[in-house]
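>
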Amino acid sequence: MPLHTRTTPAGRRRAFREQLASGRLLRMPGALNPLSARLIQDTGFDAVYLSGAVLAADLGLPDIGLTTVTEIAARAQQTTRVTDLPVLIDADTGFGEPLNAARTVQLLEDAGLAGLHLEDQVNPKRCGHLDGKTLTPREEMVRRVRAAVDARRDPDFLLMARTDARSVEGLGAAIGRAKAYVDAGADAIFPEALADTAEYEAFRKALDVPLLANLTEFGRTPLLDTATLEDLGYNIALYPVTLLRLAMGAVEDGLRTLAEEGTQKSLLPRMQIRSRLYELLGYADYSAFDSAVHDFTLPPGT
Ligand SMILES: C[C@](O)(C(=O)O)[C@H](CC(=O)O)C(=O)O
Ligand SMILES: [Mg+2]
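Take the sequence shown: its letters are residues 973 to 1274, numbered as in our numbering.
As structure tokens, then:
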């Protein structure tokens, strides 16, 4: 696939809607960068996530709503151009008033995404698995969702509402909020920081829209496996920060080894080799434009 994908954003939105309607569990890792989105596709996952926490961390910032909508839209555009999978983005609180949420929807729709989620926190927001979150009043979030629904131009663009209420107001209030958001037009719900499978079941029983399970590591939710989530009737298994944590762990270990040993030789077996990188980049496909691009050979094992 030289330079471009084979599918259109509209086609990917349609496919995402169909996959969600199938009742099958979709596995959605968070991309670390655009190239990792291609790896997510290549390893057989169903969809790609763009995490607010990862985008902020990538810029060396905490996940407290400091990134701007134009920054995340730019990253979204870079990501959607390299994968045929649907991409769902974390739009935090919508970046301001309901009016700002409306503009956010249009910018992110234009970036080729399949959908976004908005959450019911105030700014500065925080990771859903931390203490001390402050929620917007329920009616304020309803206005946020309505503004998003009004602004959307492609009816297949998925508008997901996230509620952070479980750890602030309790399970009953979280379910009540989720129902109000669906009534306001949300297509799907992200119940944040549920404590156990009984709470997953309660959400499933109360709502008949697609539900996302957030399997972030080192948080408040058990790391349920895909078979369990399928039995619970969930539609999306989200691994938002998994790739960043894996990569940063490997990078830190590698830097320490390089500093200690004065050479990277012992690290070679842990590295992606050159030929695999080139395969992922579709290097050979560029010969369709110019045969001189890929007329070299690599030594075996490199
Ligand atoms: C899903 C999430 O919103 C994200 O930005 O990826 C975070 C993940 C995390 O901080 O572990 C969240 O759950 O708030
Ligand atoms: Mg987030």
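C-beta atoms are modelled at their ideal positions from N, C-alpha and C, and glycine is treated no differently. Note that this is a predicted model, so its numbers are computed, not measured.
State the Cα-Cα distance for the pair A1003 and D1267, rounded to the nearest angstrom.
Straight-line Cα distance between these residues: approximately 31 angstroms.
> Please list the segments of the alpha helix (DSSP H) lying wholly inside the stretch 1055-1091, counting only runs of 4 or more residues, in order along the chain.
Segments of the alpha helix (DSSP H) lying fully in the stretch 1055-1091: 1070-1082.
> Pair every Cβ in the stretch 1047-1058 with every Cβ in the stretch 1005-1016, then say whether three or more of these pairs are closer than 8 angstroms.
Counting Cβ pairs under 8 angstroms, three or more are found: they touch.
> I need the boundaries of the beta strand (DSSP E) containing L1210, first residue and last residue.
Its beta strand (DSSP E) spans residues I1208 to Y1211.
> Considering just the uninterrupted stretch of the beta strand (DSSP E) at T1135, what are its terminal residues?
T1135 -> beta strand (DSSP E) spans L1130 to T1135.
> Straight-line CA distance for G1024 to G1087?
So the two alpha carbons sit approximately 14 angstroms from each other.
> Quick check: L1130 and F988, are their CB atoms within less than 8 angstroms of each other?
Taking 8 angstroms as the Cβ cut-off, L1130 and F988 qualify as a contacting pair.
> Mind checking whether L1184 and I1208 have CB atoms under 8 angstroms apart?
Their beta carbons are under 8 angstroms apart, which means L1184 touches I1208 by this criterion.
> Please tell me whether, using a cut-off of 7 angstroms, the distance from the CB of A1025 to the nearest non-hydrogen atom of ligand 2 is below it.
Indeed, a heavy atom of ligand 2 lies less than 7 angstroms from the Cβ.
> Could you spell out where the beta strand (DSSP E) holding V1094 opens and where it closes?
That residue, V1094, is in no beta strand (DSSP E); it is neither H nor E in DSSP.
> Could you check where the beta strand (DSSP E) with F1162 kicks off and where it finishes?
From DSSP, the beta strand (DSSP E) with F1162 extends over A1160 to P1163.
> Can you list the alpha helix (DSSP H) stretches of 4 or more residues lying completely in the stretch 1135-1190, in chain order?
Listed in chain order, they are 1138-1141, 1143-1155 and 1169-1178.
> Look up V1020 in the DSSP assignment and give the residues it is bridged to.
Looking at the DSSP assignment, V1020 forms a beta bridge with V1059.
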